[in-house]
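Offset between the sequence shown (1-based) and our numbering: plus 344. A short write-up of the structure that comes next.
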Amino acid sequence: EEPTEPEEPVEPEQPEEPDAPTEPEEEIPPIQLPEGAILEFDESLRIEANKISNLNLDKLTVLEIRELINTNLTAEFYNSKNEKIEEDTKIGTGSKLVLKDELGEVVYEYIFIIYGDINGDGEINSLDVLIIQKHILEIKEITGIFLKSANTSKNGTLPSSLDVLRIQKHILEIKFIEQ
Numbered sequence: 345e346e347p348t349e350p351e352e353p354v355e356p357e358q359p360e361e362p363d364a365p366t367e368p369e370e371e372i373p374p375i376q377l378p379e380g381a382i383l384e385f386d387e388s389l390r391i392e393a394n395k396i397s398n399l400n401l402d403k404l405t406v407l408e409i410r411e412l413i414n415t416n417l418t419a420e421f422y423n424s425k426n427e428k429i430e431e432d433t434k435i436g437t438g439s440k441l442v443l444k445d446e447l448g449e450v451v452y453e454y455i456f457i458i459y460g461d462i463n464g465d466g467e468i469n470s471l472d473v474l475i476i477q478k479h480i481l482e483i484k485e486i487t488g489i490f491l492k493s494a495n496t497s498k499n500g501t502l503p504s505s506l507d508v509l510r511i512q513k514h515i516l517e518i519k520f521i522e523q
């Protein structure tokens, strides 16, 4: 009897991940601009309540982001640790745009989200993979905007091994995470 070649393994269909409960989003009041104030965002940015996303990963410095915003308000940028950042510093998940009026009073605060940038350094790299793995294994919990950035499919579920895979593919330049 002739030996037969082994059949190609058939990849089993992956079941869709069930929706996992997530914390309800905090209700954000709409921005109330002072009279005469101008605030316009470039159409490339996605503005949802107080969150700014859809950033170009190659243009993340404060100076580059500032070019996408037209305002006569004072615009200050802070990192995720609430430290004021300079023009040549990268924006990361959790960084903030704080808009102030002529008296220095805060008018509104936006927070940046970069899907896959879970540690807020403006990069999608192996540190983010490690953080999400620790979260999945219940070693160290991710919360807030960082939890949202870990959900790379943006489907509202908790981060999973599929998000780890998406970040790994992004790092290897196989498939980039849509922002």
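The C-beta atom is built at its ideal place from N, Cα and C for all residues, glycine as well.
Cβ neighbour criterion (16 or more within 10 Å) applied to residue i
i: F456; result: buried
i: A393; result: exposed
i: N416; result: exposed
i: G448; result: exposed
i: E357; result: Confidence at E357 is low in this model, with a pLDDT of 45, below 50, so the placement of that residue is unreliable and no value is reported for it.
i: Q523; result: buried
i: E360; result: The predicted position of E360 is uncertain, since its pLDDT is 41 and thus under 50; no value can be drawn from it.
i: R510; result: buried
i: V406; result: buried
i: P368; result: Confidence in P368 is poor, its pLDDT being 43 and thus under 50, which makes the residue's placement too unreliable to answer from.
i: P503; result: buried
i: S424; result: buried
i: T520; result: Contrary to the premise, residue 520 reads as Phe rather than Thr in this sequence. Exposed, because fewer than 16 other Cβ atoms sit within 10 Å of the Cβ of F520.
Limits of the beta strand (DSSP E) - the one that residue i falls within
i: E392; result: 390-392
i: L441; result: 440-444
i: K395; result: 395-397
i: A419; result: 418-422
i: I455; result: 450-456
i: L383; result: 383-385
Where the alpha helix (DSSP H) through residue i begins and ends
i: F490; result: 488-494
i: I413; result: Premise fails: I413 lies in the beta strand (DSSP E), 413-415, not in any alpha helix (DSSP H).
i: L471; result: 470-480
i: E430; result: Neither: E430 is in no alpha helix (DSSP H) and is coded neither H nor E.
i: S505; result: 505-515
i: E379; result: Taken as a continuous stretch (DSSP letters only), E379 belongs to no alpha helix (DSSP H), as it is neither H nor E.
i: E408; result: 406-410
Selection from the options that minimises the alpha carbon distance to residue i
i: T460; options: S439, S497, E431; result: A quick correction: the sequence has Gly, not Thr, at residue 460. Taking only the C-alpha atoms, the option nearest G460 is S497.
i: D465; options: S439, L516, N499; result: S439
i: N463; options: G488, L481, D445; result: G488
i: F385; options: V508, Y422, I396; result: I396
i: P378; options: S505, A494, D472, L443; result: L443
i: L516; options: I483, L481, V473; result: V473
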